[in-house]
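> Numbering (mature numbering (1 follows the signal peptide of the UniProt record, and there is no 0)), first residue to last: -16 to -1, 1 to 668.
Even for Gly, the Cβ is constructed at its ideal location relative to N, Cα and C.
Note that this is a predicted model, so its numbers are computed, not measured.
Once you've had a glance at the structure underneath, I'll fire off some questions.
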């Protein structure tokens, strides 16, 4: 009869060839529901191993019929230096289950990071398991394992590959020293080896399952979910975990899952050839973990074989031979899942079809807000000179859409993939509107573009989704801005913020056409002397809007609606009633200017108020350049005076209006100084 667990209860050396029976009634053990009070030792060499028991702590030997090497499976403390103990234990973390070195199971119900293994004797080392959701919001999986080397501020991440902090490690089957950790990688997964409390710790991760093997002298103070001291998940959640990771989510059961079939699948671990390993590794925690997962989660991403593979590898580490189990279970040879495929933080790697190719999918919780709104990405981000919209590549792929086939109205404007976030961004600006349609009404301006699919099929049918996503930016017309000022220096400045438009407007008066001699409070201007006024903006995109001086007129009092007025600019052009007025660059860019000869109102005290109305014009769909209409033939506005019978007009998209005022001093031709106040008001 094969005894499944062999125990010693005295400090002794096992020698000779005779079988030995040891009474352990003072410290019995229960295994598979049966109480054992005797330990049976088969023939073995005296120098093969030494075993002990101390202070009611038992250790055991597992014995295979093939005379495989014996291993200690429980720890002990040795009172004698002449006697030593061998320690060889395995912790398996797979799915949302941790099976510690004592075979005890812990279920992770949230998406936090947990301490898997640490030792008080080495406070600079900690092994962390990171859990996240995948296709369902209510089932978490081991996503990665992190070795924290706190003395050198280093984190080594075992994922679909390996990273040192955020840098990808280039590994192969040869061992490489990484900050004192020996690492390697092959087609089966990544291995990291480190010394901990005089023991050797080997961590294996294949993208789904982590197995931690501890060999060496017995360590009784191992902590973490894998350790001897155990601890509840709540006690071992790391402080750095996001607070929302503990939020519980509920999701309706998947009616397509057959729990009976799942139980039969998981129950294979109770059948040959797995029974050959039962004396070494208890299969029940693996069966329970398998059932809990496959009865709630679709059998994708290798789950049908994941728990069988995890148990088989644990058995292999204990030298248990399992003959041809993969062919009977229809499982492939061991291979790392999604190796070297990097997904973003909101994605996971999964199978497109069972056993098929893999890609990055959106995590269920992350994707839920987009799916509830039937959206493929973030809202449009609008600024005064550009528009941007970002789509999620994982959601596009869910719809069978390749981002490389998408473009805006102008098919040269294509989405740009962020290699870290996998967000696909489409944008346009004033320099290149990418075919955006611009429309307006009395209060708003609309910029609209479309993300659409390239027509890649010339046939009658296509099996690719046709995409037509409109996105718009809507701008509210800014309210009228009023201000008044006196010219004290060479310019007048106002900062304007209204809606999305945020810019600076400057008015400068000059006494020369080159705009080098600025008019200030001390400048004395004579009647009939020509002055030049420049209006300039900073912060507006010249490719998108233009500044238009719509009209300017003078009054003898402060009221801009005074009945007695003198017109300088009408409909963007020089007024035919004043032959001295010239308008330059109006509607061509973000600045313009005009000139006129100084004057005063007959019979007045000398005060002259000048009022100007400015507007912003959208250039995308219309010309902002005022055109003088002469003999029914339009031509660009000229600065020279035009015949009185000509009129000047244009149509454009109006954006804003405001008021500016300032005073200047005027000197009569007689050279007797007489101060005249000329008040400027500009509707911007």
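(1) Measure the beta-carbon distance from residue 153 to residue 166 and round it to whole angstroms, keeping in mind my assumption that it falls under 8 Å.
(2) Taking Cβ positions, are residue 185 and residue 198 nearer each other than 8 Å?
(3) Within the chosen definition, does the segment 412 to 424 reach the segment 321 to 328 through at least 3 CB pairs nearer than 8 Å?
(4) Taking 8 Å as the threshold (C-beta atoms), are residue 436 and residue 391 in contact?
(5) Would residue 301 and residue 261 qualify as a contact pair, given that the criterion is a beta-carbon distance under 8 Å?
(6) Opposite residue 207 in the DSSP bridges: which residues?
(7) Round the Cβ separation of residue 187 and residue 142 to the nearest angstrom and send it over; I've been treating them as touching at under 8 Å.
(8) Taking the alpha-carbon of residue 610 as reference, which of 263, 571, 542 has the nearest alpha-carbon?
(9) Quick one, which of 492, 287, 238 has its alpha-carbon nearest residue 313's?
(10) Considering residue 293, what are the terminal residues of the alpha helix (DSSP H) in which it resides?
(11) DSSP puts residue 412 in a beta bridge; with which residues?
(12) Drop a sphere of 10 angstroms on the beta-carbon of residue 556, count the other beta-carbons inside from all chains shown, and report buried for 16 or more, exposed for fewer.
(13) If you draw a straight line from the C-alpha of residue 86 to the C-alpha of residue 384, how long is it?
(14) Can at least three beta-carbon pairs, one atom from the segment 530 to 550 and one from the segment 501 to 508, be found at a separation below 8 Å?
(15) Using a 10 Å radius around the Cβ and a threshold of 16 neighbouring Cβ atoms, would you call residue 238 buried or exposed?
(16) Closest to residue 280 by CA distance: which of 265, 259, 236, 315 is it?
(17) Taking DSSP as the reference, what is the three-state secondary structure of residue 356?
(18) Residue 459 bridges to which residues according to DSSP?
(19) Kindly identify the DSSP beta-bridge partner or partners of residue 529.
(20) Keeping to the same chain, check which residues put their C-beta closer than 7 Å to that of residue 497; ignore five residues upstream and five downstream.
(21) Are the CB atoms of residue 131 and residue 208 nearer to each other than 8 Å?
(22) Mind checking which residues open and close the beta strand (DSSP E) that includes residue 271?
(23) Within 10 angstroms of its Cβ, does residue 603 collect 16 or more other Cβ (buried), or is it exposed?
(24) Using three-state DSSP, classify residue 196 as helix, strand or coil.
(25) Exposed or buried, what is residue 66 when buried is set at 16 or more other beta-carbons lying within 10 Å of its beta-carbon?
(26) State buried or exposed for residue 632, treating a residue as buried only when at least 16 other CB atoms are found within 10 Å of its CB.
(27) Just to confirm before moving on: does the CB-CB distance between residue 433 and residue 393 stay below 8 Å?
(28) My guess is that residue 412 and residue 397 are in contact by the Cβ rule of under 8 Å, so how many angstroms apart are they, rounded?
(29) Answer with buried or exposed for residue 251, where buried requires no fewer than 16 other C-beta atoms within 10 angstroms of its C-beta.
(30) Please state if the CB of residue 253 and the CB of residue 338 are separated by a distance shorter than 8 Å.
(31) Determine the burial state of residue 243: buried for a count of at least 16 other Cβ atoms within 10 Å of its Cβ, exposed for fewer.
(32) Among the residues of its own chain, which have a CB less than 8 Å from the CB of residue 573, if the five just before and after it don't count?
(33) I think residue 95 touches residue 128, with their Cβ atoms under 8 Å apart; what is that distance to the nearest whole Å?
(34) Please report the residue range of the alpha helix (DSSP H) in which residue 421 lies.
(35) Which value, in whole angstroms, describes the spacing of the CA atoms of residue 351 and residue 265?
(36) Just list the beta strand (DSSP E) runs in the segment 89 to 138, keeping only unbroken ones of 3 residues or longer that don't cross its boundaries, in chain order.
So, to answer that:
(1) With a contact defined as Cβ atoms closer than 8 Å, residue 153 and residue 166 miss out at about 12 Å.
(2) At a Cβ-Cβ threshold of 8 Å, residue 185 and residue 198 count as neighbours.
(3) Touching, no, given that fewer than three Cβ pairs across the two stretches are closer than 8 Å.
(4) Yes, the Cβ-Cβ distance between residue 391 and residue 436 is below 8 Å.
(5) Against a cut-off of 8 Å, the Cβ pair of residue 261 and residue 301 comes out as no contact.
(6) Its beta-bridge partners are 102.
(7) A Cβ-Cβ distance of about 7 Å is found for the pair residue 187 and residue 142, placing them in contact under the 8 Å criterion.
(8) Checking every option, the nearest Cα to that of residue 610 belongs to 571.
(9) Nearest option by C-alpha distance: 287.
(10) It spans 287 to 301 - the alpha helix (DSSP H) in which residue 293 sits, taken as one unbroken run.
(11) In DSSP, residue 412 forms a bridge with 371.
(12) It counts as buried.
(13) Approximately 47 Å between the Cα atoms of the pair.
(14) Using a C-beta cut-off of 8 Å, the segment 530 to 550 makes no contact with the segment 501 to 508, since fewer than three inter-stretch Cβ pairs fall below that distance.
(15) By the Cβ-count criterion, residue 238 is exposed, with fewer than 16 other Cβ atoms from all chains shown falling within 10 Å of its own Cβ.
(16) Closest option to residue 280, Cα to Cα, is 236.
(17) If DSSP states are grouped into helix, strand and coil, residue 356 belongs with the helices.
(18) Residue 459 is bridged to 429.
(19) Under DSSP, the beta-bridge partners assigned to residue 529 are 602.
(20) Only 516 meet the Cβ criterion.
(21) Their beta carbons are not under 8 Å apart, which means residue 131 does not touch residue 208 by this criterion.
(22) In this chain, residue 271 is not harboured by any beta strand (DSSP E); it is covered by the alpha helix (DSSP H) spanning 268 to 278.
(23) Sixteen is the threshold: when 16 or more other Cβ atoms of the shown chains lie within 10 Å of the Cβ of residue 603, as they do, the residue is buried.
(24) In the displayed model, residue 196 falls within a strand according to three-state DSSP.
(25) For residue 66, the predicted structure reports a pLDDT of 43, less than 50, and the residue's modelled location is therefore unreliable. A value from the coordinates is still provided. Looking at its Cβ environment, which holds fewer than 16 other Cβ atoms inside 10 Å, residue 66 is exposed.
(26) In this predicted model, residue 632 has a pLDDT of only 44, less than 50, meaning its place in the structure is not dependable; the value taken from the coordinates is given anyway. Label assigned to residue 632: buried.
(27) The answer is yes: Cβ separation under 8 Å.
(28) Contact between residue 412 and residue 397 holds: their C-beta atoms lie close to 6 Å from each other, under 8 Å.
(29) Classification for residue 251: exposed.
(30) Taking C-beta atoms as the reference points, residue 338 and residue 253 fail to come closer than 8 Å.
(31) Label assigned to residue 243: exposed.
(32) Around residue 573: 526, 530, 531.
(33) So it is not a contact: roughly 12 Å between Cβ atoms.
(34) Here residue 421 belongs to no alpha helix (DSSP H); instead the beta strand (DSSP E) covers 421 to 424.
(35) Rounded to the nearest whole angstrom, the C-alpha separation of residue 351 and residue 265 is 39 Å.
(36) Listed in chain order, the complete beta strand (DSSP E) runs (minimum 3 residues) inside the segment 89 to 138 are 89 to 91, 97 to 103, 106 to 117, 124 to 133.
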